[in-house]
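Residue numbers (my numbering), protein chains in the order written: chain A, 4 to 534; chain B, 6 to 307.
Everything below concerns the one structure shown next.
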Amino acid sequence: MKKGIVLLVLMGLLGVVLGATAQTQRPMVTAFQEEPDFLDPHRTTRFHSLVVLSYVVEPLLDMDPSFQPVPLLARSFEWSEDKLTLVFHLKQGVLFHTGQEMTSRDVKASYERYFRLSPLENYLGPKYNGITEIQTPDPYTVIFKFATPKPLALYHIADAHASIMPADWLATMPDEEVGVKGLVGTGPYRFDRWIRGDRIVMKRFAAYNHAPDYISNPGPAHAEELVMRIIPEAATRLAEILAGNIDYTFDVPLMGYQQLVANPNLQVYMAPTYSVQYLVCNMKRELFNDRRIRLAIAHAINKEEVVKGAWFGIAFPLYGLVGPGTTGYWKGVEEIAYAYDPEKSVAYLEQAGWTAVDRDGVRMKDGKRLELTLISFSNVDQWRRAAEVVQAQLAKVGIKVNLALAEVGATYDRARAADYDLGIFRNTWWMGEPYLTFLTHSVNIGSSNFGQWKNETIDTLLDLSSNALDDVLRRDAFVVAQAIVVESAVWIPLAVNVNVVAARRDVGGLDELFSHPWQPPLMRALVLYKR
Amino acid sequence: MLVPTLIGVTAIVFSLMHVSGDPIRLLFGPNVSEEKVLEKRAELGLDKPIHVQYWNWLTRVVQGDLGLSIHVQDRVATLILARIGPTLELTILALILTVVIAIPIGIISAMRPYTIVDNVSRFVALFWVSMPYFWLGIMLMMVFGLRLRLLPISGRGGPLWTVDGLRSALLPVLTLGLPPIALFTRLTRSAMLEVINEEYIRTARSKGVHEVIVVVRHALRNALIPVVTLLGLRLPWLFGGAVITETVFAWPGMGRLLVNAVMERDYPVVQGIVLVIALLTVLANLVVDFAYTLIDPRIRYG
Numbered sequence: 004m005k006k007g008i009v010l011l012v013l014m015g016l017l018g019v020v021l022g023a024t025a026q027t028q029r030p031m032v033t034a035f036q037e038e039p040d041f042l043d044p045h046r047t048t049r050f051h052s053l054v055v056l057s058y059v060v061e062p063l064l065d066m067d068p069s070f071q072p073v074p075l076l077a078r079s080f081e082w083s084e085d086k087l088t089l090v091f092h093l094k095q096g097v098l099f100h101t102g103q104e105m106t107s108r109d110v111k112a113s114y115e116r117y118f119r120l121s122p123l124e125n126y127l128g129p130k131y132n133g134i135t136e137i138q139t140p141d142p143y144t145v146i147f148k149f150a151t152p153k154p155l156a157l158y159h160i161a162d163a164h165a166s167i168m169p170a171d172w173l174a175t176m177p178d179e180e181v182g183v184k185g186l187v188g189t190g191p192y193r194f195d196r197w198i199r200g201d202r203i204v205m206k207r208f209a210a211y212n213h214a215p216d217y218i219s220n221p222g223p224a225h226a227e228e229l230v231m232r233i234i235p236e237a238a239t240r241l242a243e244i245l246a247g248n249i250d251y252t253f254d255v256p257l258m259g260y261q262q263l264v265a266n267p268n269l270q271v272y273m274a275p276t277y278s279v280q281y282l283v284c285n286m287k288r289e290l291f292n293d294r295r296i297r298l299a300i301a302h303a304i305n306k307e308e309v310v311k312g313a314w315f316g317i318a319f320p321l322y323g324l325v326g327p328g329t330t331g332y333w334k335g336v337e338e339i340a341y342a343y344d345p346e347k348s349v350a351y352l353e354q355a356g357w358t359a360v361d362r363d364g365v366r367m368k369d370g371k372r373l374e375l376t377l378i379s380f381s382n383v384d385q386w387r388r389a390a391e392v393v394q395a396q397l398a399k400v401g402i403k404v405n406l407a408l409a410e411v412g413a414t415y416d417r418a419r420a421a422d423y424d425l426g427i428f429r430n431t432w433w434m435g436e437p438y439l440t441f442l443t444h445s446v447n448i449g450s451s452n453f454g455q456w457k458n459e460t461i462d463t464l465l466d467l468s469s470n471a472l473d474d475v476l477r478r479d480a481f482v483v484a485q486a487i488v489v490e491s492a493v494w495i496p497l498a499v500n501v502n503v504v505a506a507r508r509d510v511g512g513l514d515e516l517f518s519h520p521w522q523p524p525l526m527r528a529l530v531l532y533k534r
Numbered sequence: 006m007l008v009p010t011l012i013g014v015t016a017i018v019f020s021l022m023h024v025s026g027d028p029i030r031l032l033f034g035p036n037v038s039e040e041k042v043l044e045k046r047a048e049l050g051l052d053k054p055i056h057v058q059y060w061n062w063l064t065r066v067v068q069g070d071l072g073l074s075i076h077v078q079d080r081v082a083t084l085i086l087a088r089i090g091p092t093l094e095l096t097i098l099a100l101i102l103t104v105v106i107a108i109p110i111g112i113i114s115a116m117r118p119y120t121i122v123d124n125v126s127r128f129v130a131l132f133w134v135s136m137p138y139f140w141l142g143i144m145l146m147m148v149f150g151l152r153l154r155l156l157p158i159s160g161r162g163g164p165l166w167t168v169d170g171l172r173s174a175l176l177p178v179l180t181l182g183l184p185p186i187a188l189f190t191r192l193t194r195s196a197m198l199e200v201i202n203e204e205y206i207r208t209a210r211s212k213g214v215h216e217v218i219v220v221v222r223h224a225l226r227n228a229l230i231p232v233v234t235l236l237g238l239r240l241p242w243l244f245g246g247a248v249i250t251e252t253v254f255a256w257p258g259m260g261r262l263l264v265n266a267v268m269e270r271d272y273p274v275v276q277g278i279v280l281v282i283a284l285l286t287v288l289a290n291l292v293v294d295f296a297y298t299l300i301d302p303r304i305r306y307g
């Protein structure tokens, strides 16, 4: 009898544990693969951090779907004739999450902090002959005084890294605690709590009503609560999406793409993003000074196959180093990019004297095998697979590639020490001019120019594309720079990533979200809703 | 031995962490100028020789300060305190699960050796041990979380004493606790088989002592010594398993914090966690030593 009662109680308890389900209204749940480091717009360099903090803080300007800077916290702006003064008229009645009104004082304090702390700031600040003085003649007017004209200033001002936070709040917070202990802004969501390793919770900011015109909902956001779950493992994220526990996510595991598309309870959208992957030849290696070798490699690469093999077809072939989701993209690169042509590749190798072939099929010259070391990252499956596909493609024309795949830290060590022949890297930036400068300008040899190549024409063109006052000259310089980069075959573009969103059927607003080329976080916050 | 052990472990880990990777480069990404990287490195004292950096860390630790994380800019102690609870939840529950299942199976197998009961129990135990944590975790998740929808797929639902907390802990605890069962079952079985034929057991039986008392009080107490020893040694193994289990189940524990810190070369966090794990291991061995005296009163420490 006693045993029976104990058994019944145990079964009852098990039933409670297994059967209990939350009865309360579910918040909007999204999932991230990577956890932000900290949510300080002025200090972070991480993509995931920038996405998350963009729900909370905002810059003066935003970028509309045609890549034009449009007012966000600013109502309007005007340049002086000499392009050395930029006047911003702020929107009135914009509130911080503390309830305090945003004024010119907050803009000044935020910009001063941004110039002081941001590792990415290399254009607007006084150190770069940009804004040397910030005047605040009244609470709704901010005047930026420039030492030299900065034609790309509006793009940099529209960057979420230059977001505005309350001056009083910043004064009370030590720099290292902003975005760690809390975050205050004017965005559609206010920061509620962060359970490290698990989730970030945000609550709707009911007073939000100042979205730019290109967004149909001026505010507030539709969902009262937003939960951002951190799920690093792809299989787990996939299971959560399939189970309907995630309302929407941009971190879709590519291996499960077909499964997600086939699921009637889900909707899947995709569009190219501004994150590009490329193969690069290390010009410090004497071999690559012979352009024919670089051309042989460029013609041996089948980008479509790389996309299929490494990204399961969920990416697009990339023809120039600047992708279609980036400002300043020039479509002409598609015409001039080196086509997959193994015969041409072989011809170039033979012209360069690599005529003999050993019994392993590797080309030889003066008794030396054409053997190259390719470095990339082992911890991201797509990069590892891309390296393997490139290795197989180059083997077909007689180039033996030895893969040296390691995790991010070790790979960057080798890259900066120029200890490689070939490398596969990725870069992510929505502004074309600074982005191409990072990758190809000689000032970045030793940091992000992994071609390790100084080309004075490219340097001059990139300087012009960032600093020329004449809009046409600036645009043309950037187009020519893109063309020279492709023609050099030092950098061989491979693939442009896509933003894939998987969402439950009851999530609305995705059509509008995908009308913008990069589906910015502010739009995600305002247009997505649950039916 | 505690202090030299801790110094030795942390010094080795500190040195190995510096073999490759630059935490500032990893923090800033590729698009930041060398000048800003050097500035930050100097600000954090990472431009000093490695032995000076280690000495600085050690002197701070002695004063109770584990430092500031390079990657997430929070206090290391705060980060560890927030993450140690969920990890201990998993490891302690997994250890209890292992013991609760393995020891009875081991006893039954020993009491009825080479019978069908013994063979079946050994097969079941071996079945779990042959499964890697990663695979087992995904399978449990797919079956109970995705197909049957009985338990949450991932995440921590809350503290363990809440229904949601308990539900979310079940699958990770099973993942971590089931594979070591075979090891403990076999150990208990062989230790029991050794003891069960001793003369004092035969004497007890011949005196008409109830079989349960013979097994539990006389045989098991003596057989438990190697089992308890192994339990103490298993703790670092459990932390290793927790790293994988926490990743699979998106469990906000110390294992994931450690993996991320290693990838980001976040020296202060890695050092802090290594120190905590070393301390816990030493503590667990101390508990094992005391457990010996409880199991066998003849054991005394001077």
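Ideal Cβ placement from N, Cα and C applies to all residues, glycine included.
Every value quoted in this text rests on a predicted model; they were computed, and no experiment measured them.
Classification of residue i by the beta-carbon crowding that lies within 10 angstroms, buried from 16 upward
i	result
A:Asp369	exposed
B:Ile101	exposed
A:Val501	buried
B:Leu7	exposed
A:Gln26	At A:Gln26, the pLDDT of 41 sits below 50, so the modelled position is not reliable; the number obtained from the coordinates is stated separately. Exposed, by the Cβ-count rule.
B:Thr208	exposed
A:Val530	buried
A:Thr463	exposed
A:Thr24	Unreliable placement is indicated for A:Thr24, whose pLDDT of 44 sits below 50; the coordinate value is still reported in the next sentence. The residue in question, A:Thr24, is exposed, as its Cβ has fewer than 16 Cβ neighbours within 10 Å.
Residue span of the beta strand (DSSP E) that contains residue i, given as start and end
i	result
A:Asn502	494–507
A:Gly426	425–431
A:Met367	366–368
A:Phe149	144–149
A:Asn405	403–409
A:Lys206	202–207
A:Asp195	192–198
A:Val141	Strictly speaking, residue 141 of chain A in this sequence is Asp, with Val absent from that position. Where A:Asp141 is concerned, the enclosing beta strand (DSSP E) stretches over 134–141.
Whole-number beta carbon distance between residue j and residue i, since they are thought to touch under 8 angstroms
i	j	result
B:Ile75	B:Asp271	5 angstroms
A:Ala389	A:Leu497	6 angstroms
A:Ala242	B:Ile158	5 angstroms
A:Thr330	A:Ala34	With 8 angstroms as the limit, A:Thr330 and A:Ala34 do not qualify as a contact, their Cβ atoms being about 29 angstroms apart.
A:Ala163	A:Ser69	In fact, because the Cβ distance is near 19 angstroms, the residues do not count as touching under 8 angstroms.
A:Leu439	A:Ile402	At roughly 27 angstroms, the Cβ-Cβ gap does not stay under 8 angstroms, so A:Leu439 and A:Ile402 are not in contact.
Delimiting residues of the alpha helix (DSSP H) encompassing residue i
i	result
A:Trp82	Unbroken run through A:Trp82 is the beta strand (DSSP E), 77–82; no alpha helix (DSSP H).
B:Pro9	7–22
A:Ser52	50–56
Check: Touching or not, the stretch 479–488 of chain A and the stretch 316–331 of chain A, by the rule of three or more beta carbon pairs under 8 angstroms?
Finding: yes
Check: Relative to chain A, which residues along the stretch 57–89 of chain B have a C-beta separation below 8 angstroms, given in chain order?
Finding: Leu73, His76, Val77, Gln78, Asp79, Leu84, Ala87, Arg88
Item checked: At least 3 beta-carbon pairs within less than 8 angstroms: the stretch 162–171 of chain A vs the stretch 109–116 of chain A -> yes
Checklist line | Validate contact between the stretch 57–64 of chain A and the stretch 183–191 of chain A using beta carbons, cut 8 angstroms, 3 pairs | finding: Segments in contact, yes.
Item checked: Contact set between the stretch 224–252 of chain A and chain B, restricted to residues whose Cβ is under 8 angstroms from the partner -> Arg232, Ile233, Ile234, Pro235, Glu236, Ala238, Thr239, Ala242, Glu243, Leu245, Ala246, Asn248
Notebook entry, point to check: What residues in the stretch 36–66 of chain A bring their beta carbon closer than 7 angstroms to a beta carbon of chain B?
Noted result: Asp40, Phe41, Thr48
Checklist line | Residues in the stretch 97–131 of chain A having any Cβ partner in chain B nearer than 7 angstroms | finding: Pro122, Leu123, Asn125
Margin query: With three or more beta-carbon pairs closer than 8 angstroms as the criterion, would you say the stretch 135–144 of chain B touches the stretch 218–226 of chain B?
Written below: Not touching, per the Cβ criterion.
Note to self: Using a Cβ distance threshold of 8 angstroms, determine whether the stretch 66–73 of chain B contacts the stretch 257–270 of chain B, with at least three qualifying pairs required.
What the structure shows: Result no; under three Cβ-Cβ pairs closer than 8 angstroms.
Next item on the list: With 9 angstroms as the C-beta to C-beta threshold (strictly closer), list the residues of the stretch 220–254 of chain B near chain A in chain order.
Entry: Glu251, Thr252, Val253, Phe254
Next item on the list: Pull out every residue of the stretch 439–450 of chain A whose Cβ sits closer than 7 angstroms to any Cβ of chain B, in chain order.
Entry: Considering only beta carbons, the part of the stretch 439–450 of chain A lying closer than 7 angstroms to chain B consists of Phe441, Gly449, Ser450, in chain order.
Margin query: Between the stretch 247–263 of chain B and the stretch 90–100 of chain B, can you find at least three pairs of beta-carbon atoms closer than 8 angstroms?
Written below: Judged by Cβ distances under 8 angstroms, the stretch 90–100 of chain B makes contact with the stretch 247–263 of chain B, as three or more pairs qualify.
Checklist line | the stretch 192–205 of chain B touching the stretch 282–296 of chain B, judged by at least three CB pairs closer than 8 angstroms | finding: no
Note to self: Output needed in chain order: residues of the stretch 384–410 of chain A with a Cβ under 9 angstroms from some Cβ in chain B.
What the structure shows: For the stretch 384–410 of chain A, residues whose beta-carbon sits nearer than 9 angstroms to a beta-carbon of chain B comprise Ala409, Glu410.
Notebook entry, point to check: Along the stretch 193–215 of chain A, what residues have a CB closer than 8 angstroms to any CB found in chain B?
Noted result: Here the close residues are Ile198, Arg199, Gly200, Asp201, Arg202.
Checklist line | Residues within the stretch 270–281 of chain B neighbouring chain A, beta-carbon criterion of under 9 angstroms | finding: Arg270
Notebook entry, point to check: In the stretch 29–61 of chain B, which residues sit with their C-beta less than 8 angstroms from some C-beta in chain A, listed in chain order?
Noted result: Taking 8 angstroms as the Cβ-Cβ cut-off against chain A, the residues of the stretch 29–61 of chain B that qualify are Arg30, Leu31, Leu32, Phe33, Gly34, Pro35, Asn36, Val37, Ser38, Glu39, Lys41, Val42, Lys45.
Note to self: For the stretch 169–196 of chain A, list every residue whose C-beta sits within 7 angstroms of some C-beta in chain B, in sequence order.
What the structure shows: Glu179, Val183
Check: Between the stretch 363–381 of chain A and the stretch 426–437 of chain A, do three or more beta carbon pairs fall short of 8 angstroms?
Finding: yes
Notebook entry, point to check: Is there contact between the stretch 135–146 of chain A and the stretch 89–98 of chain A, where contact requires at least three CB pairs shorter than 8 angstroms?
Noted result: yes
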